[in-house]
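So the structure is just underneath, and the comments pick up after that.
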Amino acid sequence: MRVDGKRALGTSGLSSLEGASGGGIATWATIGGYGSNKSMGMAFHYSYVNITNYWDQNAGAVLGIHDRVEISYSHNFFQTRGTGALLGIGRGYQFDLDTGGIKVRLFGHIADKTLIPQISIGGMYKHDGDSKVIHEVGSKHVNGGDAYVAVTKLFPKIGLLVDTTMRLTKGNQWGILGFGGDRNDNYYPQFEGSLGYLPWFAPGLVVGVEYRTKPRNQNFTPESNWFDVYASYFVNKHLNITAAYVSLGTIATFRNQTGVYFSAQTGF
Numbered sequence: 001m002r003v004d005g006k007r008a009l010g011t012s013g014l015s016s017l018e019g020a021s022g023g024g025i026a027t028w029a030t031i032g033g034y035g036s037n038k039s040m041g042m043a044f045h046y047s048y049v050n051i052t053n054y055w056d057q058n059a060g061a062v063l064g065i066h067d068r069v070e071i072s073y074s075h076n077f078f079q080t081r082g083t084g085a086l087l088g089i090g091r092g093y094q095f096d097l098d099t100g101g102i103k104v105r106l107f108g109h110i111a112d113k114t115l116i117p118q119i120s121i122g123g124m125y126k127h128d129g130d131s132k133v134i135h136e137v138g139s140k141h142v143n144g145g146d147a148y149v150a151v152t153k154l155f156p157k158i159g160l161l162v163d164t165t166m167r168l169t170k171g172n173q174w175g176i177l178g179f180g181g182d183r184n185d186n187y188y189p190q191f192e193g194s195l196g197y198l199p200w201f202a203p204g205l206v207v208g209v210e211y212r213t214k215p216r217n218q219n220f221t222p223e224s225n226w227f228d229v230y231a232s233y234f235v236n237k238h239l240n241i242t243a244a245y246v247s248l249g250t251i252a253t254f255r256n257q258t259g260v261y262f263s264a265q266t267g268f
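Okay, here's the thing in structure tokens:
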């Protein structure tokens, strides 16, 4: 495997909670790693989210092939802490979610000097580990898939990063609580958007906001749209660290799930 790391700093994106390169809660059109169109690149990440009633850990990796194809994998450890007892599934119950993904860059490049954005399409396959609990909370399936198209562009002269992603999904809390429900068991489009600002006086720093809409598949566990405010620092091409404030609304009947997000990514 040839690795040259020739792409510009930051063009690999950050790491999303589903493993694909992008923002924390939004998938971007970026291809993970820093390999050029003649080589490969890789990135590994770990993230931690601590909100009002729960916490989640995520570990994963991406492989970028010729700056064209990205293959990703991640595992979520979603811990209910004391809330598990209140939900009737046991104190400290943990949901586990495996996500495998593939993304293909169709055309454009995030850092091109033209106005043409980078556009990618992708898909994810997700598996939740406990069918009994998943069905008890009203979900129809423990396995599910997402499909998406992402449009991402960096405007270096003004230091602005813009992403818009449209995702077809029926995942409940991105799949942690299974897929489909008594209210809906069909795929519907959901929106993900990111804005980032790269201040000229702090090379390697990105600050911004993200927003993600969520499906309403269940009557028992309604969902809310997600929002975050983040700051990410690219130390170099081999290390990136991110911190964010997240607002995730209602999760499994418990409202106002807000807290902090931390992530570290290493790659080449």
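For what it's worth, UniProt numbering labels the leading residue of the sequence shown as 1, then goes sequentially.
The C-beta atom is built at its ideal place from N, Cα and C for all residues, glycine as well.
Small disclaimer: the values here were computed from a predicted structure and weren't measured.
Asked, Found
"Residue 136, DSSP secondary structure in three states", "helix"
"Whole-Å CB distance - residue 129 paired with residue 170, under 8 Å assumed", "Going by Cβ atoms, the distance from residue 129 to residue 170 rounds to 18 Å, so no, they are not a contact pair."
"Complete beta strand (DSSP E) runs within the stretch 37–69 (minimum length 3 residues, chain order)", "40–51, 55–65"
"From 48, 159, 215, residue whose alpha carbon lies closest to that of residue 250", "215"
"Through-space distance from residue 16 to residue 98, alpha-carbon basis", "14 Å"
"Between the CA atoms of residue 187 and residue 142 - distance to the nearest angstrom", "15 Å"
"Straight-line gap, residue 26 to residue 18 (C-alpha atoms, nearest Å)", "9 Å"
"Nearest to residue 37 (by Cα), restricted to the options 125, 48, 70, 84", "70"
"Residue nearest to residue 185 in terms of C-alpha spacing, selected from 140, 212, 48, 208", "140"
"Nearest neighbour of residue 270, chosen from 118, 100, 28, 262 [CA to CA]", "Nothing about residue 270 can be read from this structure; the chain reaches only from 1 to 268."
"Neighbourhood of residue 72 by C-beta distance below 6 Å, restricted to the same chain and skipping five residues each side", "19, 20, 62, 101"
"Under the three-state DSSP convention, the category residue 86 falls into", "helix"
"Top-ranked residue by Cα proximity to residue 67, from 94, 30, 87", "30"
"Those residues which DSSP pairs with residue 211 across a bridge", "193, 227"
"First through last residue of the beta strand (DSSP E) which encompasses residue 281", "Lying outside 1 to 268, the shown extent of the chain, residue 281 is not represented and no answer is given."
"Distance between residue 235 and residue 65 (C-alpha atoms, nearest Å)", "23 Å"
"Span of the beta strand (DSSP E) around residue 153", "143–155"
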